[in-house]
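>
Number of protein chains: 2
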Amino acid sequence: MNTMHQTLTVALDERSYPIHIGCGLLGRAELWRPHLNPKMGAVVITNTTVAPLYLDKVLATLAELGCPAFSVVLPDGEEYKSWETLNTVFDALLENRCERGTTLIALGGGVIGDLVGFAAACYQRGAPFIQVPTTLLSQVDSSVGGKTAINHPLGKNMIGAFYQPKLVLADLDTLDTLPPREMAAGMSEVIKYGLIRDPAFFSWLEQQAAGLMHRDKALLAQAVYQSCAHKAEVVARDEREAGERALLNLGHTFGHAIETGMGYGSWLHGEAVAAGTVMAALLSEQLGWLDQAAIERIKALFRRVGLPVDGPWLAATPLATAQRYLELMRHDKKVSAGILRLVLLQGIGQAVVSADANDAAILQAVQAGLAVAPSVLSVPPTQI
Amino acid sequence: MNTMHQTLTVALDERSYPIHIGCGLLGRAELWRPHLNPKMGAVVITNTTVAPLYLDKVLATLAELGCPAFSVVLPDGEEYKSWETLNTVFDALLENRCERGTTLIALGGGVIGDLVGFAAACYQRGAPFIQVPTTLLSQVDSSVGGKTAINHPLGKNMIGAFYQPKLVLADLDTLDTLPPREMAAGMSEVIKYGLIRDPAFFSWLEQQAAGLMHRDKALLAQAVYQSCAHKAEVVARDEREAGERALLNLGHTFGHAIETGMGYGSWLHGEAVAAGTVMAALLSEQLGWLDQAAIERIKALFRRVGLPVDGPWLAATPLATAQRYLELMRHDKKVSAGILRLVLLQGIGQAVVSADANDAAILQAVQAGLAVAPSVLSVPPTQI
Chain A
1 MNTMHQTLTV ALDERSYPIH IGCGLLGRAE LWRPHLNPKM GAVVITNTTV APLYLDKVLA
61 TLAELGCPAF SVVLPDGEEY KSWETLNTVF DALLENRCER GTTLIALGGG VIGDLVGFAA
121 ACYQRGAPFI QVPTTLLSQV DSSVGGKTAI NHPLGKNMIG AFYQPKLVLA DLDTLDTLPP
181 REMAAGMSEV IKYGLIRDPA FFSWLEQQAA GLMHRDKALL AQAVYQSCAH KAEVVARDER
241 EAGERALLNL GHTFGHAIET GMGYGSWLHG EAVAAGTVMA ALLSEQLGWL DQAAIERIKA
301 LFRRVGLPVD GPWLAATPLA TAQRYLELMR HDKKVSAGIL RLVLLQGIGQ AVVSADANDA
361 AILQAVQAGL AVAPSVLSVP PTQI
Chain B
1 MNTMHQTLTV ALDERSYPIH IGCGLLGRAE LWRPHLNPKM GAVVITNTTV APLYLDKVLA
61 TLAELGCPAF SVVLPDGEEY KSWETLNTVF DALLENRCER GTTLIALGGG VIGDLVGFAA
121 ACYQRGAPFI QVPTTLLSQV DSSVGGKTAI NHPLGKNMIG AFYQPKLVLA DLDTLDTLPP
181 REMAAGMSEV IKYGLIRDPA FFSWLEQQAA GLMHRDKALL AQAVYQSCAH KAEVVARDER
241 EAGERALLNL GHTFGHAIET GMGYGSWLHG EAVAAGTVMA ALLSEQLGWL DQAAIERIKA
301 LFRRVGLPVD GPWLAATPLA TAQRYLELMR HDKKVSAGIL RLVLLQGIGQ AVVSADANDA
361 AILQAVQAGL AVAPSVLSVP PTQI
């Protein structure tokens with residue numbers, strides 16, 4: 001099992017790159033070699049949680065390859081996906097005289113990957129970078145496709161770039177140390193692929209949920225591979241989200257409102273996406289596109305992997321809360337000419353981008369998707 | 001004369017864009033129309049010097065086109081090409097709920113163009129932008145080609161992106177209000193094109209220097225057109241500076257050392273490039289590539305347009321100064337695997353990128369290119 005290793009390619013002409021998925025990949029020097037230039041060196045950028053677990057292993061591999069390297073260890077958490085943290089990265093790169101050929105290696109979850117990718121996009125107008133995702137969420141979603149960004153107090157991922165890595169190395173062994181809550185958050189994006197374009201995968205996830213949450217490596221390998229295959233296919237066809245790629249944002253506009261409204265770091269991204277996906281499903285139901293049975297299947301699967309299905313209150317009443325959601329959603333990047341474009345469902349496995357929902361319908365869906373009591377206002381979501 | 005209008009194209013496939021050069025262009029709504037989406041609106045970003053002169057004219061044109069717009073007025077100066085100023089732009093965009101389809105219009109010189117271009121590159125992962133350069137330097141160089149950036153205390157243009165505008169509108173009438181010192185600084189980049197690839201243009205500039213500095217519009221139109229034609233041709237062949245485009249950096253590595261060493265805003269970019277170009281010429285002479293007569297022609301032309309030809313001292317002795325230059329030059333983006341790659345001259349009109357010069361040769365060239373007395377340490381360069 002430990003030699004399990006699959007490879008996918010994100011096909012983007014001269015910017016194509018491989019995704020390696022398997023066990024023990026951090027130490028597989030031959031996978032790193034083609035994507036590093038030992039003359040130029042590398043910097044491993046990680047956080048205080050991941051550094052004690054995997055930094056030495058990565059540095060040992062770089063040493064084996066004769067690639068000089070140093071590391072930058074950032075604080076851990078969505079609240080550090082900020083302007084200030086990005087600047088500390090630039091300071092470190094310049095103080096260490098990194099050149100534009102120095103490879104930036106993002107070792108961590110989605111926050112590290114997004115921030116380091118954006119740092120690489122901007123450093124001397126573009127340095128090479130490698131994604132080494134160590135969470136399920138980053139392995140199945142954020143490390144692939146070149147979306148990089150930092151947050152702004154007025155909106156998530158508002159400052160960023162489309163900038164592709166040279167290599168994605170998803171070592172499934174790093175999931176061994178992932179807290180249960182983050183494991184669940186990652187499943188949110190796995191389930192997303194089933195919901196938007198693969199009903200058979202959704203059914204398979206319903207069958208294998210327990211085994212996946214017990215971190216059966218063979219099952220995880222299948223789930224990560226299938227998710228990355230979907231992502232790679234969509235990104236290759238629509239790198240800059242002119243069309244189809246927007247489907248990958250199912251639940252994200254509602255979810256970003258939750259994340260921003262609750263303050264970064266309170267709800268995990270995957271948790272917010274789960275509750276947001278339920279709201280998108282309820283809105284789809286209002287439009288007559290989705291039946292009650294599908295809604296129940298979606299909620300049941302989220303619940304089985306330990307994800308919240310009810311959104312938090314952001315104000316004293318459900319209506320005021322819904323109005324706050326709508327206000328926050330209007331800041332979303334998918335807004336065009338003032339019109340909210342949402343990803344909705346016409347069935348399990350069939351997502352569409354739609355501007356059909358008016359404000360009244362959105363307010364109603366948010367209220368229908370809220371927790372019954374306001375007590376969740378300041379309480380973290382259910383954990384498994 | 002006032003209807004004089006020429007157009008060039010920067011040929012980059014689907015990212016191609018026109019450069020309009022002429023008089024009265026700010027008010028020519030038909031030139032703007034194809035590149036704006038009135039539904040999405042626009043924001044004009046300028047500085048405190050340019051705003052009172054040209055902001056109303058641009059806003060009037062946008063109003064004529066039915067394009068809602070607001071403006072952001074930044075402080076003027078290279079020292080504001082910073083992280084902090086960039087953040088104030090993002091704050092304004094988000095507070096005004098700008099979408100990713102909002103067009104950012106850079107109205108000003110090189111600092112505004114570089115900073116606004118980088119803001120556009122990053123805002124919601126890429127918003128459209130238009131360059132309206134109002135200085136000679138930005139009309140002939142920085143507004144064309146998509147190099148955008150901000151400075152870092154440890155190096156100029158260290159944080160940035162390659163990001164092309166949708167349109168460059170070089171209105172020669174805006175040069176009427178340009179201070180003489182900035183006019184001279186712009187000539188530095190005009191002369192550069194002659195030096196690196198067009199000996200006939202260099203000779204023409206020698207003949208027309210007086211008329212250009214008196215701002216004869218027909219001569220300026222020729223100089224700006226010829227400069228933009230060179231830039232557009234080079235950029236179309238090598239957008240991301242993998243090769244030929246590096247030649248456009250003649251004098252810039254030495255020049256950046258002057259700008260950084262003296263503190264941003266003390267020497268103008270064009271002034272530093274002039275003194276830096278003389279150092280590059282002296283180094284070329286040491287290598288036996290350039291004769292004394294060519295050096296004298298270069299210096300004479302710089303002097304005739306009011307540019308400094310001697311570099312400032314950055315330390316108490318010429319040797320210590322040269323060592324400081326070298327240290328600053330090592331931070332340059334053109335450094336690769338620790339080797340300084342410099343643009344040198346094998347004749348007037350013939351530049352090459354070279355790693356042939358060792359540290360000793362560079363130290364010697366810097367010292368040969370310094371002002372005779374240390375008094376210039378804190379004195380601005382000669383003005384016309």
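Sequences listed follow chains A and B, in order. UniProt numbering numbers the first residue of the first sequence as 1 and each following residue consecutively. UniProt numbering numbers the first residue of the second sequence as 1 and each following residue consecutively. We treat Cβ as the ideally placed atom computed from N, Cα and C, and that holds for glycine.
Taking 8 angstroms as the limit between beta carbons, can you name the residues of its chain near B/G66, skipping five residues before and five after?
Within the same chain, B/G66 has close Cβ partners P38.
> Name the chain B residues that come within less than 9 angstroms of A/A121, Cβ to Cβ?
Within 9 angstroms Cβ-Cβ: A121, C122, A161.
> Any C-beta of chain A sitting closer than 9 angstroms to the C-beta of B/R15?
Output row for B/R15: interface = no.
> Measuring only from the beta carbon, is A/V366 closer than 8 angstroms to any heavy atom that is part of the ligand MN?
Questions concerning the ligand MN fall outside what the structure shown contains, since it holds no ligand whatsoever.
> Report yes or no: do three or more beta-carbon pairs, one from the segment 319-338 of chain B and one from the segment 85-102 of chain A, lie closer than 8 angstroms?
They touch, by the three-pair rule.
> Using a Cβ cut-off of 7 angstroms, pull out every chain D residue sitting near B/W83, in sequence order please.
The chain inventory of the structure shown lacks chain D, comprising the protein chains A and B.
> Using only CA atoms, which one of A/P308, A/F302, A/N358 lies nearest to A/L326?
Of the listed residues, the one whose Cα sits closest to A/L326 is A/N358.
> DSSP state of B/L12, grouped into three classes?
Coil.
> Does B/L94 have its Cβ less than 9 angstroms from a Cβ in chain A?
Closer than 9 angstroms: yes.
> Residues of the segment 99-122 of chain A with a CB closer than 7 angstroms to any CB of chain B: list them in chain order, please.
Of all residues in the segment 99-122 of chain A, E99, R100, G101, A121, C122 have a Cβ within less than 7 angstroms of some Cβ in chain B.
> Consider the Cβ of B/L8: report whether some Cβ of chain A lies at a distance smaller than 9 angstroms.
Not an interface residue.
> Using a beta-carbon distance below 9 angstroms, is B/S336 in contact with chain A?
Answer yes: the Cβ-Cβ gap between B/S336 and chain A drops below 9 angstroms somewhere.
> Closer than 9 angstroms, CB to CB, is A/T260 near chain B or not?
So, not an interface residue.
> Whose C-alpha, out of A/G347, A/N249, A/F302, is nearest the C-alpha of A/A274?
Per the Cα distances, A/F302.
> For a minimum of 3 consecutive residues, which ranges assigned as the beta strand (DSSP E) are wholly contained in the UniProt domain "3-dehydroquinate synthase C-terminal" (186-335) of chain B?
Correct list: empty.
> Below 8 angstroms, how does it come out for the segment 8-17 of chain B and the segment 38-50 of chain B: are there three or more Cβ pairs, yes or no?
Judged by Cβ distances under 8 angstroms, the segment 8-17 of chain B makes no contact with the segment 38-50 of chain B, as fewer than three pairs qualify.
> Put A/S138 into one of helix, strand or coil per three-state DSSP.
DSSP places A/S138 in helix when its eight states are reduced to three.
> Which of the three DSSP states is assigned to A/P68 in this structure?
Three-state result, A/P68: coil.
> Once you ignore the five residues that flank B/S82 on each side, which residues in its own chain have a CB closer than 8 angstroms to its CB?
For B/S82, where only same-chain residues beyond five positions count, the Cβ hits under 8 angstroms are I150, N151.
> Check each candidate in B/Q286, B/G270, B/L247, B/A246 and name the one with the smallest Cα separation from B/D256.
The question names Asp, yet the displayed sequence has His at residue 256 of chain B. For B/H256, the nearest C-alpha among the options comes from B/G270.
> Name the chain B residues that come within less than 7 angstroms of A/G155, Cβ to Cβ?
In chain order: L94.
> Interface residues of chain B around A/M40 at Cβ under 9 angstroms?
By Cβ distance, chain B contributes S336, A337.
> So, helix, strand or coil for A/L50, using DSSP?
According to the sequence as given, residue 50 of chain A is Val; it is not Leu. Coil at A/V50, not helix or strand.
> Mark B/V58 as exposed unless 16 or more other C-beta atoms lie within 10 angstroms of its C-beta, in which case mark it buried.
Counting Cβ neighbours within 10 Å, B/V58 comes out buried, since at least 16 surround it.
> With 9 angstroms set as the bound, which would you pick, yes or no: does the beta-carbon of A/D173 sit closer than that to a beta-carbon of chain B?
It does not: the Cβ of A/D173 has no partner Cβ on chain B nearer than 9 angstroms.
> Does any residue of chain A have a CB that is nearer than 9 angstroms to the CB of B/A229?
Taking Cβ atoms only, chain A never reaches closer than 9 angstroms to B/A229, which makes this a no.
> Could you check what DSSP says for B/A361 in three-state terms: helix, strand or coil?
Reduced to three states, the DSSP call for B/A361 is helix.
> Using a Cβ-Cβ cut-off of 7 angstroms (strictly less than) and excluding sequence neighbours within five positions of A/V305, which residues of its own chain qualify?
The residues are A184, M187, A209, M213.
> Determine, using beta carbons only, whether residue 400 of chain B and B/A121 come nearer to each other than 9 angstroms.
It is not possible to answer for residue 400 of chain B, since the shown part of chain B is limited to 1 through 384.
> Would you mind sorting A/Q164 into buried or exposed? The rule is 16 or more other CB atoms within 10 Å of its CB.
Buried, by the Cβ-count rule.
> Would you tell me roughly how many angstroms separate the C-alpha atoms of B/I362 and B/V372, rounded to the nearest one?
Straight-line Cα distance between these residues: approximately 18 angstroms.
> So, at 6 angstroms on beta carbons, what are the nonlocal neighbours of B/G160 in its own chain, with the 5 sequence-adjacent residues on each side left out?
Closer than 6 angstroms at the Cβ level, and outside the excluded window around B/G160, lie F118, T148, A149.
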